[in-house]
Ligand code: SF4
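Residue numbers (our numbering): 1164 to 1530.
1) If we ignore side chains and look at the alpha-carbon of each, how far apart do residue 1262 and residue 1490 end up?
2) Using 9 Å as the limit for Cβ to Cβ distance, is residue 1518 near chain C?
3) What does the alpha-carbon distance come out to for the pair residue 1328 and residue 1465?
4) So, for residue 1391: in the same chain, excluding its five sequence neighbours on each side, which residues have a beta-carbon less than 7 Å away from its beta-carbon?
5) Go through the region 1363-1447 residue by residue and report every complete run of the beta strand (DSSP E) that reaches 3 residues or more, in order.
6) Which residues in the same chain as residue 1460 place their Cβ atom closer than 7 Å to its Cβ, once the five residues preceding and following it in sequence are excluded?
7) Return the residue from the list 1425, 1311, 1514, 1503 that minimises the CA-CA distance to residue 1396.
8) Would the region 1209-1220 and the region 1246-1261 be scored as touching if the rule is three or more Cβ pairs under 8 Å?
9) According to DSSP, is residue 1503 part of a helix, a strand, or is it coil?
10) Could you pull the start and end residues of the beta strand (DSSP E) that residue 1323 belongs to?
11) Excluding sequence positions up to five away, which residues of its chain have a Cβ less than 8 Å from the Cβ of residue 1430?
12) With a threshold of 8 Å (Cβ to nearest heavy atom), would residue 1169 be considered close to ligand 1?
13) Within its chain, find whatever has a CB closer than 8 Å to the CB of residue 1522; leave out the 5 residues flanking it on each side and keep chain order.
14) Can you list the alpha helix (DSSP H) stretches of 4 or more residues lying completely in the region 1202-1249, in chain order?
15) Which parts of the region 1275-1307 are runs of the alpha helix (DSSP H), unbroken and 4 residues or longer, counting only runs that do not cross its ends?
16) At a threshold of 8 Å, does residue 1368 count as lining ligand 1 (C-beta to nearest heavy atom)?
17) Please classify residue 1529 as buried or exposed, where buried requires at least 16 other C-beta atoms within 10 Å of its C-beta.
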């Protein structure tokens, strides 16, 4: 039974130079054709799999970049296909300046309970480096609109360790965010992903990776956000009580999920696939009812791959990693425990504060 649904909307008004997701500008693609294709795929999947959806998340891309009419059609269509009475969470990713009060209140009316606002920074110069097309005041205005709509949970997404961003700049970003008191804050370390402009600039020597800066920014986030009452429930995620992301937690726990839309990943019964990352092709295949052709990069998750994923994802959460997943590597566990990077509580392994700063390396030792 599949309980978690992801819908991918690949449109963005502008492409950020660090972004590795499948996304593109509108170009000559008709928004409503994509929306109808997404709903058609969802109907098809509903017939194919036993769906009892508890969480839905619309990500991208920028779902809020869809016009009011198209977004309303998409949300109401999802509501008709999925029994929304049983939903525990319905989330959407939005960017500043891609919605007004009318669009935000329509999103709320359609049943969305959780909104993640991609602010990234409150500093104009950092936003410029990131190639974002909003200003700090746009972000503030967008947050106030969402707040006035009274969603159950509002999340602000931030990034740190950005070229040119000092520790003091990052501290200002954290303080400004905390002052708004969103129920949830995500704080991501900038990664230089292949096939991005930032990666090319890293290779050319214009940017450089700085693990010390990463560690300082990460520690500051932990200190400030925990002091402000947020629970650090996953390496990059902090929540007030009762506002943890149920949808993301399902990924970390290794639950099955269905991904609908171009470039979306799904994992059902240990079978993983990616929908074709080509919006035009995706629409054409759905129009011609050759839906089975949209699945690419198919693989079977064997026991070892599943175990590795559990270690990589669950160890980063405050729920910890079941000791069973590392039972063949206990010597390494004892070593990491004696180095004060891990501790065992109730047969679950957890990262210490020091371990959280070195999470990638701790995980690499356990795999
Ligand atoms: S808005 Fe988001 S999805 Fe779109 S390019 Fe920027 S980071 Fe990527």
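Glycine included, each C-beta is placed from N, C-alpha and C at the ideal position.
In brief:
1) When rounded, the distance between both Cα atoms is 50 Å.
2) Of the protein chains in the structure, only one exists, and it is not chain C.
3) Here the C-alpha atom of residue 1328 lies approximately 42 Å from the C-alpha atom of residue 1465.
4) The answer, listed in chain order, is 1341.
5) For the region 1363-1447, whole beta strand (DSSP E) runs of length 3 or above, ordered along the chain, are 1394-1397, 1400-1402, 1421-1423, 1428-1431, 1434-1438.
6) These residues qualify, in order along the chain: 1436, 1437.
7) Cα-wise, what sits closest to residue 1396 is 1514.
8) Touching, per the Cβ criterion.
9) Residue 1503 sits in coil when the DSSP states are folded into three classes, being neither helix nor strand.
10) Note, residue 1323: beta strand (DSSP E), 1316-1323.
11) Cβ within range, chain order: 1419, 1420, 1464.
12) Short note on residue 1169: C-beta not closer than 8 Å to any heavy atom of ligand 1.
13) Excluding sequence neighbours, residue 1522 sits near 1398, 1478, 1479, 1514.
14) If only complete runs of 4 or more residues are kept, the region 1202-1249 shows the alpha helix (DSSP H) at 1231-1244, in order along the chain.
15) Fully enclosed alpha helix (DSSP H) runs of 4 or longer: 1287-1292.
16) Residue 1368 has its CB no nearer than 8 Å to any heavy atom of ligand 1.
17) Buried: at least 16 other Cβ atoms inside 10 Å.
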